[in-house]
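Visitor:
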Amino acid sequence: MLCSKAGSLFRSIINDAIHRETGYLGISTKSFSSLVEVKNAKPNPDKLYKKIEIELKGNDPAVLKSYGQFTETAANHLEINMIRNTTPRKAVHERLTVLKSVHVHKKHRVQYESRTYFRFMDFAKLTGSTADTFLEYLQRNLPEGVAMKVTKVELQKLPESILVPPNTA
Numbered sequence: 101m102l103c104s105k106a107g108s109l110f111r112s113i114i115n116d117a118i119h120r121e122t123g124y125l126g127i128s129t130k131s132f133s134s135l136v137e138v139k140n141a142k143p144n145p146d147k148l149y150k151k152i153e154i155e156l157k158g159n160d161p162a163v164l165k166s167y168g169q170f171t172e173t174a175a176n177h178l179e180i181n182m183i184r185n186t187t188p189r190k191a192v193h194e195r196l197t198v199l200k201s202v203h204v205h206k207k208h209r210v211q212y213e214s215r216t217y218f219r220f221m222d223f224a225k226l227t228g229s230t231a232d233t234f235l236e237y238l239q240r241n242l243p244e245g246v247a248m249k250v251t252k253v254e255l256q257k258l259p260e261s262i263l264v265p266p267n268t269a
């Protein structure tokens, strides 16, 4: 059961990637597969990313550690260069103090505390289609109670005004 769900998930991710790259829309049914052409004016060149930083935030350090191992395994299978998979030593503590009673007994209070744990992962030298497919796979398998923040560092061509030196006359 789990294998068929993973297969259909991976198939839909691959179909999305094919549509983005080639302009073809992959339509898959149980009996046959076919390609339908979608007309694009210009093919978009694939983006290049120098580094992709992922910040995970959650309340359970064991879940974050397990998800870090899952991400590392997925990156190794796809031959993606993983630079960093670390966690800071301390959690962020947030305390809230409230009165036990609404109107009286000011001395009697209750404290609530929440701890937030972080995990940082960096990936180097990715193309746009690989990054989109990989990030979508990671986001679909994100556990409950975990937040993900993605920062992409894109490589771009220098503008013509910088490349060509000014004419001095």
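Residue numbers (my numbering): 101 to 269. C-beta atoms are modelled at their ideal positions from N, C-alpha and C, and glycine is treated no differently.
1. So, under 8 Å CB-CB, residue 224 and residue 181 are touching, yes? Tell me the CB distance rounded to an integer number of Å.
2. Under 8 Å: do the stretch 257–268 and the stretch 206–216 share three or more Cβ pairs, one atom per stretch?
3. Measure the alpha-carbon distance for residue 147 versus residue 250 and round it to whole angstroms.
4. Short check: CB of residue 226 to CB of residue 152, under 8 Å?
5. Need the endpoints of the beta strand (DSSP E) that residue 193 sits in, please.
6. So, under 8 Å CB-CB, residue 234 and residue 186 are touching, yes? Tell me the CB distance rounded to an integer number of Å.
7. Is the beta carbon of residue 246 less than 8 Å from the beta carbon of residue 167?
Guide: With the given structure in hand:
1. Confirmed, about 5 Å.
2. No, because fewer than three Cβ pairs between the stretch 257–268 and the stretch 206–216 fall closer than 8 Å, the two stretches do not touch.
3. Taking the straight line joining both Cα atoms gives about 16 Å.
4. Against a cut-off of 8 Å, the Cβ pair of residue 152 and residue 226 comes out as a contact.
5. Run containing residue 193: 192–199, per the beta strand (DSSP E) assignment.
6. Taking 8 Å as the upper bound for CB-CB distance, residue 234 and residue 186 are not in contact here, some 19 Å apart.
7. Going by C-beta atoms, residue 246 is nearer than 8 Å to residue 167.
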